[in-house]
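Here's the structure, in structure tokens; my notes come after.
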Amino acid sequence: MKKKVLATLLATAMVATTLVGCGSKAEEAPAETTETTETTETTEEAPAEDAAAEEAPAEDAAADPVANLIAATTDTVTLTVWASEEDQDLTNQLIENFKAAYPDVTFDITLGAESESTAKDTILTDVEAAADVFAFADDQINDLVKAGALQAVSATYTYDVAAENAVGAVEAATVDGTLYAYPMTADNGYFMFYDASVFTEDDVKSLESMLTAAEAAGKKVAMDISNGWYIYSFFQGAGYELTLNEDGTNSCTWNGEGATDVAQAIMDLCATGTLVDLGDEEMATAIAEGTVAAAVNGTWRAETAQDAWGENYAATKLPTFNVAGSDKQMSSYSGYKLIGVNPHSANVGWAMLLAEYLTNEESQVARFEARGLGPANTTAAASEAVQADPAIAALAEQAAYATPQRVGGNFWTPAETLGQILASGNPDGTDLQTLLDTAVEGITAPIE
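Position 175 of the sequence shown, counted from 1, bears residue number 168 in our numbering, the numbering being contiguous throughout.
The following block contains the structure:
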């Protein structure tokens, strides 16, 4: 199937080539490609080149920005692309397809390995020396924009990026109303895996019901509560906010009126002994050994769960949990992988066109089929193949209750400490309001 999709990409690309084989000469200025060109009257004083331009109407030039880009290119187009180690084979094939789509242009494209999780740190050491096109996790976008490391998506070459991708993905790629990156995947969030031989579809609607069913079967339900990324789901689900300020500090209402009820609910759930606080690796081991029959985790653990539960492997959105007698839907962080373009690129127009290609519908389908990564493109995500994948379908279902991860660095340690205390039952007996006040004080602390 992978070869079939890549062959289709190549065929599509070759057809596209025949459509962009001609066009009038234009400067390589990506920002201008989206502007509406108006016809103006020439006067007798108009320079000779303006009169010559009348022979090729402005609207024809603007109608095909790809043709303009090709016409403006006389030298070899040199680009460097960074993709994760796991994405090397597919990215290399997509680059070759891209080059084949424009046979009249000479390319020198180098592919390097850089994890999406560390891209920001590497790029910010020397923005001008960084890759022309690079993949990164969406929570890095604010720092990259502040550092001037991202070219705004100011040109539309082959499709409208904002229109063809999920709203959440576009939001994650946007800063202060400006789109700065191209959504590549929409699968870096979390949801509930479960063994359908232990839980019914009704059981998994409520965390309390899941714990009852798990206890009856002698099994456990696992979640990494001692992790700010996951404990967020309880407080956000109950209506308590955590937001990032412009100066990099956090605003947090986790100690607001009634928030102690959320803390108590977490403690009560953990006190059952059936909800267990496990990190990612511990969780994977427990699933494989058969002690854990349900777990809050992400797509990277889909294979672990499927191997353990076989035909009973299932997944769904996160359940509700009870807070002072009222059921609250657990929230989550949504996560996206994006592709950015370096504004310092010597070939920024071609870098933007390549970024479009690497994230278009066909490329996202190829990435799903090759690596099982959930598409951000709405058409690709709606395909039968994607919808048939339990983990990707569950993530899409959870998306309605998810928010992009936008927090400052002072969040993680206090949130982890809070999670550890609540998961262990608050052994020191600290007043819950005091406990939450202390956590919020650390989360909202000024940046030193």
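Cβ coordinates follow ideal geometry from the N, Cα and C atoms, glycine included.
Contact between residue 217 and residue 272 holds, with the beta-carbon distance rounding to 6 angstroms and staying under 8 angstroms.
Around the beta carbon of residue 303, fewer than 16 other beta carbons lie within 10 angstroms, which makes this residue exposed. Under the three-pair Cβ rule at 8 angstroms, the region 334 to 342 does not count as touching the region 395 to 404. By the 16-neighbour rule on beta-carbons within 10 angstroms, residue 328 is buried. Along the region 56 to 116, the beta strand (DSSP E) occurs as fully enclosed runs of 3 or more residues at 70 to 76 and 100 to 106, listed in sequence order. The beta carbon of residue 179 is closer than 6 angstroms to those of 159, 162, 329, 367 and 369 in its chain, skipping five residues each way along the sequence.
Residue state for residue 383 is assigned as helix, using DSSP reduced to three classes. Residue 377 and residue 390 have their C-alpha atoms some 15 angstroms from each other. Sorting 132, 183 and 421 by C-alpha distance to the C-alpha of residue 167 places 132 at the top. Below 8 angstroms, enough C-beta pairs join the region 253 to 270 and the region 205 to 216 to call them touching: three or more.
The region 313 to 323 makes no contact with the region 99 to 119, as fewer than three CB pairs between them are under 8 angstroms. A Cβ-Cβ separation of about 12 angstroms leaves residue 107 out of contact with residue 118 under the 8 angstroms criterion. Buried is the label assigned to residue 414, since at least 16 other Cβ atoms lie within 10 Å of its Cβ. Its chain contains 312 and 313 as the residues whose beta carbon lies nearer than 8 angstroms to that of residue 198, once the 5 sequence neighbours on both sides are disregarded; these appear in chain order.
Take the alpha-carbon of residue 120 and the one of residue 397: they are about 25 angstroms apart. Membership of residue 135 in the alpha helix (DSSP H) is indicated by the continuous run 134 to 139. By alpha-carbon distance to residue 308, the top candidate from 295, 319 and 317 is 295. The Cβ atoms of residue 280 and residue 408 lie no closer than 9 angstroms to each other. Around the beta carbon of residue 357, a 10 Å sphere encloses 16 or more other beta carbons of the protein chains shown; the residue is thus reported as buried.
For residue 72, the closest alpha carbon among the candidates 354, 410, 124 and 190 is that of 124. Taking a cut-off of 8 angstroms on C-beta distances, the region 247 to 261 touches the region 226 to 237, as three or more cross pairs fall below it. When secondary structure is reduced to three states using DSSP, residue 400 falls in the coil class, being assigned neither helix nor strand. In the DSSP assignment, residue 353 forms no beta bridge with any residue. Pairing residue 420 with residue 195, the inter-Cα distance amounts to about 34 angstroms. Residue 364 and residue 182 have their C-alpha atoms spaced approximately 16 angstroms apart. As computed with DSSP, residue 191 is found in no beta bridge at all.
In the three-state reduction of the DSSP assignment, residue 130 falls in the strand class. Contact between the region 171 to 178 and the region 134 to 147 is present, with at least three C-beta pairs closer than 8 angstroms.
Beta-bridge annotation (DSSP): residue 184 is paired with 290. Residue 439 and residue 331 have their alpha carbons spaced roughly 29 angstroms apart. Inside the region 200 to 266, DSSP marks whole alpha helix (DSSP H) runs of 4 or more residues at positions 200 to 209, 221 to 230 and 252 to 264, from first to last along the chain. Per DSSP, the continuous alpha helix (DSSP H) segment holding residue 276 begins and ends at 273 to 282.
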